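*Asks:* Quick one: the structure is below, questions incoming.
2 protein chains.
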Amino acid sequence: MMKPVALSEIAAAHAKAVELGKHVVRMTTAAGSGHPSSALALSHIIVELMYRQMHYDPADPWNPGNDRLVLSIGHAVPIVYAAYADLGGAVGDANGERRLLGVDDLSGLRELNSVLDGHPNPAEGFPFFDAATGSLGQGLSVGAGLALAARLDGIAKRIFVIIGDGESREGQVWEAMDFIVDHRLTNVCAIFSCNGEGQAGKVSSQQSADAIAAKAAAFNWDMIRVDGHDPAQLSAAFGRLPSATRPVAIVARTVKGWGVDSMRTSNFHGKPMPSADLEKACAELDATGRQLGAACNGVWTPPPPARVTLRQAGGRIAIAPFEEACERAGMGAGLKAKKLATRAAYGVALVALGDADPRIVVLDGDVSNSTYADRFAQKHPDRFFECKIAEQNMISAAAGLAAGGKIPFAGSFAKFIARAVDQIDMAAISRANIKIVGSHAGVSLGADGPSQMALSDVAYFRSLTRADVGHGQIACRVFHPCDAISAYRCTELMANVKGLCYMRTHRPEASFVYPLTEPFEVGGCKQLRRGEHLTLVSCGYMLHDVLKAAERLADQGVRCNVFDAYTFPLDATPILAAARSAGGSILTVEDNYIGGLHAELAEAAAAAGGVRVVGLTASRIPKSAKTAEEVFEYVGVGLRQIVERATALAAR
Amino acid sequence: MMKPVALSEIAAAHAKAVELGKHVVRMTTAAGSGHPSSALALSHIIVELMYRQMHYDPADPWNPGNDRLVLSIGHAVPIVYAAYADLGGAVGDANGERRLLGVDDLSGLRELNSVLDGHPNPAEGFPFFDAATGSLGQGLSVGAGLALAARLDGIAKRIFVIIGDGESREGQVWEAMDFIVDHRLTNVCAIFSCNGEGQAGKVSSQQSADAIAAKAAAFNWDMIRVDGHDPAQLSAAFGRLPSATRPVAIVARTVKGWGVDSMRTSNFHGKPMPSADLEKACAELDATGRQLGAACNGVWTPPPPARVTLRQAGGRIAIAPFEEACERAGMGAGLKAKKLATRAAYGVALVALGDADPRIVVLDGDVSNSTYADRFAQKHPDRFFECKIAEQNMISAAAGLAAGGKIPFAGSFAKFIARAVDQIDMAAISRANIKIVGSHAGVSLGADGPSQMALSDVAYFRSLTRADVGHGQIACRVFHPCDAISAYRCTELMANVKGLCYMRTHRPEASFVYPLTEPFEVGGCKQLRRGEHLTLVSCGYMLHDVLKAAERLADQGVRCNVFDAYTFPLDATPILAAARSAGGSILTVEDNYIGGLHAELAEAAAAAGGVRVVGLTASRIPKSAKTAEEVFEYVGVGLRQIVERATALAAR
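Residue numbers (my numbering), protein chains in the order written: chain A, 730 to 1381; chain B, 730 to 1381.
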């Protein structure tokens, strides 16, 4: 139902765009940095969205009925800050200190104690946003995740995502376009702001408004072309959303530095107006407004959100006992043989989690028959989201689902999770509650070769484990279970830990190491063997070879402590204490590159003193071989090599 | 000029497809693993390309005039191995041991001592390929890089890239499609193999042949639809390439498991035929051949490559002295003030390298006015390739350029390099000679906030620095210069080191630390101060604060050694020796997350014993602040904190 827009409303829209534009210019000049020209290009789009189209309560950004805006082109954030402050939007913490923003706060942009961070980040106290953006191309995927969460909860809210033209070069944008069509997410609206200017030059003709429009059509979206500074056209375009049967992309021609003639030169990307030129810039905006007949007509309030009562899930999630869950999953044979792959145990745990709590959702990248996520897909099909071969989109969509109150487990081969490191970074910055599981990790993959083996994932994820994010939380926890029982329990742990978690699972079957009801905890490790000559530490699949090595060493009269370091960060105290009483030496063994277990223990030992640490890691790039054992040996972590190194170390 | 294909040639093509298909089935059964069904889908495409279309000499894969094939859908490699062995292709090393493959070699697929790795990898002795593939979606970018190299060298060779339909979901494929149009690389031909089947289910309708065809057209490619098992249609399609004015995409309908009825069930992805069913499978192939009128008509040899004489560049690259290069680059003021940002010095070095050697090429992601790559772009525009906001494509294109004999320097903000970790992995596996430079690294970026700051890059790249790739080479070398002189020299070092290198540069200006002619070497470190109480180690931008801290500590009577650890891997011997003579303690300081300098020294110290190492790293996720100093303090590496920690450590 398309209501024509009154001329007075058009005049008011221009007036508001000018008013917000002046705030943008002033706040970035005050900050001494920022991207005012990119922000000005969005003036009218933001006025139309945040004052007229979005059904939400600025004073209650936590209201689950609110429409949401994802600013994928994150550096344009000053225009959103301006609007939000003008509307008296709330900032702070839902459960803590909250207050209403005002335009006087805008001069605090980018200051240390301000919620107005340089790029969007809800975690710094700006809850209008759902995820940190600023690294480009990720917002449409986040929007898709928010839309999935809304649909699961039966909330008829809309998700608006603003994307830049230069930004649309990023392949992830097109992964999201596919995903949104696949999942029929007509509650997402993508707005492409086409101002024709990149950072180092004009955008490619492949990113022109014409090209983006043609691409959107080829990707099976409905597509509407508008002048991004024409309030009537914008209103008409958004007015078509309710009757759309396909997702809608609005391709808007915008002007970088709109309203400020001085900014409309090619090298004004990412530059604030110098103080001396500030008043001139504001005067140019006023003049632009006069030319357009800008005239305030009162105070605008956005339409209110839909009334929503959400059944509040919460509290600790407890899953069925391992034995029971395995039986139910048809893995009785493995249970009896006391042998199951950690990836299979993960699949069992996922189903048990899905049974236990409706917030659990699962995403997978076309490998669910390998990751065992297919079990969840069969049991809870409404909460399983096939992402196909597009890991960047998968991770950012998970961040969106988490922002929408779900607990997403996103998985693929650990090697392909590397496709999404930038997206994982951004999820960590958002403090997104996502759980990533990488299967077929390490060298134990064997014959497929290095293109399928994750060897640097441990180093990357471990790098996030010492960044404190407040409230007793750290940026990431890593889990690396050696058997089915620990894999099952670590999956449960991840569901209950706040924030980003990563777990590695492996391809081959592995013997049970632990009793069926063994408990596991964050920061913990387990001592499996005692001995007075040497301390061996491992995790994951290599732990089995380390246990075998310990037996061979014992035959030689070298008795070893053996520890399972199944999680980072790790409290190394028990390991160092055991090592001090056992000759003072530790040998770590892992089938990945450096930066993982060896680094973790070397850092602890070198700080504490008195304990020597030597590490066996994959010291060559692997290649294919018939068996995993041949590849272990090839890269230097074969059983024979472990025994040799340990023997030499114990002899010192 | 389109010659109709003789019926006898069609019959022969079918016969060859059947013959190769039988090899595929046999070799994967012998290996016990592999993806025969995906390979069979390419039977006719490979016959057409490797026996009829490509101008190349299988016995001389190093011939620079050869057309090239990039198998982006890497797991389908058995069909290429079969063809290459049938053609007596050469394997091994150009300068070492080489021999001609035969079909008897095929049963060695995936064995440790075989060049027939599980996925394509030229570095394992299969020089028909240019880059390792297997992680999907990267090959078209590699092809683009090969095409750029060919054009630079004036060689009229063609680059064929085969991409799977499910694979085309990966956003990088569409980055490459844009890039190839931007750079008018009509010498690249993309072949999409559309068999409709993914791994965990059918491909999405967004990846149907119809959808891919529509997308290719929207991306401004010419597009030809063919039956991928019809030799006449394939021949006609390729016949249109010479007259094409735009890049050509061939969208081919193929059949997964073509010719083997038993394989054409939905769960035959990535599975070899069981031994017991092998003969039946071969019989099915023969039957398929008979139905199609397959008939051998003699031995095929592919047409020979163009005669090419390449001026062989080589040898060590030496660049102009730093002072002279700065003057030429218009940086005399900084030279005089003895203050230049490391990113600026990098820009100067790039130009000097470009002047010194024609193999040097540069790629950038729309930030060349920030990375200073724009200086090279102005001086050597034919060797500068703007990649726009698409880092995945940039890195894989660099790998292609390296395979084509160039020395590519690829750069963006260090944070955005994280977008391409999977591609960097694959480049390392290929042993690609690419140099990656990440600017604006670390916390010193300041006000923009964490979405623009690389904090995990050091951990990731360091993870590759202990993987030995033979011939005295390691998988990656990392450089982290603190001033303009070291940045200039490290850039020169990178050009001369074989293999993947990564260098971090920073946003702010930095005072000169070194004399203008100071030499630098791989594995080295520099002692800048001597003292007997404590040893401080740092690198990059933080080194300056560490030098300031050392002064303050000296005022307090605590005299420190100071080391600049400007490269990984590092020979820590001099640092450990100095520490032992200075109280036995080391404090490392870096403005990134763990896994970098602290891990490097802790590993060395914990192995050697007798030296304590404590590390200051970024211990919180940063946020915006007016000044970089505020953010350093916020994350725990402010000057005050360094002095406090050092004081406490020296007092122990």
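In this text, a Cβ means the ideal position worked out from N, Cα and C, and glycines have one as well. None of the values given here were measured: they were computed from a predicted structure.
Assuming Ala1058/A and Val1077/A make a contact with CB atoms under 8 Å, what is their CB distance in whole Å?
*Replies:* 5 Å
*Asks:* Between the segment 949–969 of chain B and chain A, which residues of the former have a C-beta closer than 8 Å to a C-beta of the latter?
*Replies:* Asn949
*Asks:* Kindly give me the distance between the Cβ atoms of Leu1082/B and Ile1124/B, rounded to whole angstroms, as I take these residues to be in contact under 8 Å.
*Replies:* 19 Å between Cβ atoms; not a contact.
*Asks:* Would Ile1323/A pass as a contact of Arg1195/B if the rule is Cβ separation under 9 Å?
*Replies:* yes
*Asks:* Run down chain B in chain order and give the residues with a C-beta less than 8 Å from the C-beta of Lys1118/A.
*Replies:* Reading the sequence as shown, one finds Ile at residue 1118/A and not Lys. Those within 8 Å of Ile1118/A in chain B are Leu865, Gly866, Gly895, Glu896, Arg898, Glu899 and Gly927.
*Asks:* So, are the CB atoms of Val1353/B and Ser843/A less than 9 Å apart?
*Replies:* For the sequence presented, residue 1353/B should be read as Ser rather than Val. Cβ distance < 9 Å, so Ser1353/B and Ser843/A count as in contact.
*Asks:* Below 8 Å on C-beta distance, what does Lys1108/B contact in chain A?
*Replies:* Taking a Cβ-Cβ threshold of 8 Å, none of the residues of chain A is close to Lys1108/B; the smallest such distance is about 16 Å.
*Asks:* On the criterion of 16 or more Cβ atoms from any shown chain inside 10 Å, does Arg1104/A qualify as buried, or is it exposed?
*Replies:* buried
*Asks:* Measuring only the C-alpha atoms, how far is Met730/B from Thr974/B?
*Replies:* A caution first: Met730/B carries a pLDDT of 44, below 50, which makes its placement in the model unreliable, though a value can still be read off. The straight-line gap from Cα to Cα measures roughly 15 Å.
*Asks:* Which residues of the segment 838–859 of chain B have a Cβ closer than 9 Å to any Cβ of chain A? Give them in chain order.
*Replies:* Leu838, Arg839, Glu840, Leu841, Asn842, Ser843, Leu845, Asp846, Gly847, His848, Pro849, Asn850, Ala852 and Glu853
*Asks:* Listed from N- to C-terminal order along the chain, which residues in the segment 1083–1108 of chain A have their beta-carbon within a distance smaller than 8 Å of any beta-carbon of chain B?
*Replies:* Asp1093, Asp1095, Val1096, Ser1097, Asn1098, Ser1099 and Asp1103
*Asks:* Whose CA, out of Ala1306/B, Glu1280/B, Arg1281/B and Lys1144/B, lies closest to the CA of Tyr1231/B?
*Replies:* Lys1144/B
*Asks:* At 8 Å on the CB atoms, spell out the chain A contacts of Gln688/B, in chain order.
*Replies:* Any question about residue 688/B goes unanswered here, given that chain B covers just 730 to 1381.
*Asks:* Any idea what DSSP makes of Ala819/B, helix, strand or coil?
*Replies:* strand
*Asks:* When the Cβ atoms of the segment 848–864 of chain A are set against those of the segment 1003–1015 of chain A, are three or more pairs found closer than 8 Å?
*Replies:* no
*Asks:* For the segment 863–922 of chain A, list the beta strand (DSSP E) runs that are entirely contained and at least 3 residues long, ordered along the chain.
*Replies:* 888–893
*Asks:* Listed from N- to C-terminal order along the chain, which residues in the segment 1186–1214 of chain A have their beta-carbon within a distance smaller than 7 Å of any beta-carbon of chain B?
*Replies:* Listed in sequence order: Ala1188, Tyr1189, Arg1191, Ser1192, Leu1193, Arg1195, Ala1196, Asp1197, Val1198 and Ala1204.
*Asks:* Taking Cβ to Cβ, would you say Val1096/B is nearer than 9 Å to Phe1114/B?
*Replies:* no
*Asks:* Can you tell which of Asp1212/B, Tyr1189/B and Lys1227/B has the C-alpha that lies nearest to the C-alpha of Ala1161/B?
*Replies:* Lys1227/B
*Asks:* Would DSSP call Glu1270/B helix, strand or coil?
*Replies:* It should be noted that the sequence gives Tyr, not Glu, for residue 1270/B. In the structure shown, Tyr1270/B sits in coil (DSSP, three-state: anything other than H, G, I, E or B).
*Asks:* According to the Cβ coordinates, are Gly1252/A and Thr1317/A closer than 9 Å?
*Replies:* no
*Asks:* So that I know if they touch, is there some Cβ in chain A lying closer than 9 Å to that of Glu1359/B?
*Replies:* yes
*Asks:* Taking 9 Å as the CB-CB cut-off, is Tyr1363/A touching chain B?
*Replies:* yes
*Asks:* So the beta strand (DSSP E) Tyr1231/B belongs to, where does it begin and stop?
*Replies:* Cys1230 to Arg1233
*Asks:* Per DSSP, Ile1165/B is paired with what?
*Replies:* Ala1139/B and Tyr1231/B
*Asks:* Taking the runs of the beta strand (DSSP E) that are 3 residues or longer, which of them lie wholly in the segment 1080–1105 of chain B?
*Replies:* 1089–1093
*Asks:* Could you tell me whether the Cβ of Tyr1217/A comes closer than 9 Å to any Cβ of chain B?
*Replies:* no
*Asks:* The beta strand (DSSP E) that contains Lys1255/B, what's its start and end?
*Replies:* Lys1255 to Arg1258
*Asks:* By the 10 Å Cβ neighbour count, where 16 or more other Cβ atoms means buried, how is Leu769/B classified, buried or exposed?
*Replies:* buried
*Asks:* What would DSSP say about Ala1070/B, mapped onto helix, strand or coil?
*Replies:* strand
*Asks:* Would Ala1278/A and Leu1265/A be called neighbours here (beta carbons separated by less than 9 Å)?
*Replies:* A contact, by the Cβ cut-off of 9 Å.
*Asks:* When the cut-off is 9 Å and only beta carbons count, does Tyr1322/B lie next to chain A?
*Replies:* yes
*Asks:* Suppose contacts are defined by Cβ-Cβ distances below 9 Å. Is Arg839/B in contact with Ala1176/A by that definition?
*Replies:* Between Arg839/B and Ala1176/A, the C-beta gap is smaller than 9 Å, which places the two residues in contact.
*Asks:* Compare the Cα-Cα distances from Ala811/A to each of Ala823/A, Pro787/A and Pro971/A and report the closest residue.
*Replies:* Pro787/A
*Asks:* According to DSSP, simplified to helix, strand and coil, what is Phe948/A?
*Replies:* In the structure shown, Phe948/A sits in coil (DSSP, three-state: anything other than H, G, I, E or B).
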